[in-house]
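Numbering (my numbering), first residue to last: 5 to 257.
Glycine is no exception: its CB is placed at the ideal position from the N, C-alpha and C atoms.
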């Protein structure tokens, strides 16, 4: 079941998301949290860091998991998900290596790297919160639209839309593959926090709102999760309205 909340702007969405993440940490000081990257969660992470410092919350036993990564880039490349998380979460919070599960972007054997991450992930006692954004093509992490979706961490061929991702504009190297947690990995989270931001995500959000479930729209599978909260930036989707736990397009779209 997906519960929708429409926030008035990006800042309000980010504040609400930061509080959700902090609540998960305060509820379980040994929480495991999956981190998406990109613009959608950016300000939420910055607000989270501020709240943690302000409240002196203990994150020393929290495990953070990197959702996905562009394959073939060096860790120093500013376009990597690693660079993003080191700058916004891992570095500012002083997270130790043993509390951080993350794909290596420059691994020599991507399949073996996915098997390593999958084993570490499945060994976690529980996953408290999975933070996701909506892809332009409806992907989740780098689980791309396809004839079938994979349960475990795996190597994926990037969709043409995904290759235009804003993060990849910051590297000169062509990126055609990624590594990502699989759908079963994501669904093992007790709660999923989905952030919907950016007009270019409209097709993906509509795939979540419509009744069907399709491997061609991976985000549509979230309707099967028992506890998914979708926070929506109203400024990105001005024609969207909520009705109870549901959401629909109004006349403005």
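May I ask which residues mark the beginning and end of the alpha helix (DSSP H) holding residue 189?
Element bounds for residue 189: 187-191.
Taking the straight line between their C-alpha atoms, what separation do you get for residue 52 and residue 6?
Answer to the nearest angstrom: the Cα atoms are 23 Å apart.
Might you give, ordered along the chain, the residues of its own chain that have their beta carbon closer than 7 Å to the beta carbon of residue 182, omitting 5 neighbours on each side?
72, 73, 74, 75, 146, 160 and 162, listed in sequence order.
Buried or exposed for residue 70, please, with buried defined as at least 16 other CB atoms from any protein chain shown within 10 angstroms of its CB.
Flag for residue 70 reads buried.
Relative to the alpha-carbon of residue 33, which residue among 56, 11 and 39 has its alpha-carbon at the smallest distance?
Minimum Cα distance to residue 33 is reached at 56.
Rounded to a whole number of angstroms, what is the C-alpha to C-alpha distance between residue 36 and residue 243?
C-alpha separation (whole angstroms): 35 Å.
Roughly how many whole angstroms lie between the Cα atoms of residue 106 and residue 130?
Going by the C-alpha atoms only, they are around 17 Å apart.
Taking a contact to mean a Cβ-Cβ separation below 8 Å, would you say residue 193 touches residue 134 in this structure?
For residue 193 and residue 134, yes; Cβs fall inside 8 Å.
Mapping the DSSP letters down to three states, classify residue 104 as helix, strand or coil.
The answer is strand: DSSP assigns residue 104 an E or B state.
State the beta-bridge partners of residue 196 as determined by DSSP.
For residue 196, which the question treats as bridged, DSSP gives the partners 134 and 232.
Distance check for residue 191 and residue 241, CA to CA, integer angstroms please.
If you take the alpha carbons of residue 241 and residue 191, they lie about 26 Å apart.
Out of curiosity, what's the CA-to-CA distance linking residue 196 and residue 232?
Looking at the two C-alpha atoms, the distance is approximately 5 Å.
Per DSSP, what kind of secondary structure is residue 10 in: helix, strand or coil?
Reduced to three states, the DSSP call for residue 10 is strand.
Mind pulling the beta strand (DSSP E) runs of 3 or more residues that sit fully within the region 17-64?
List check, beta strand (DSSP E) in window: 36-39.
Quick one, are the C-beta atoms of residue 165 and residue 141 less than 8 Å apart?
Result yes, Cβ atoms of residue 165 and residue 141 sit closer than 8 Å.
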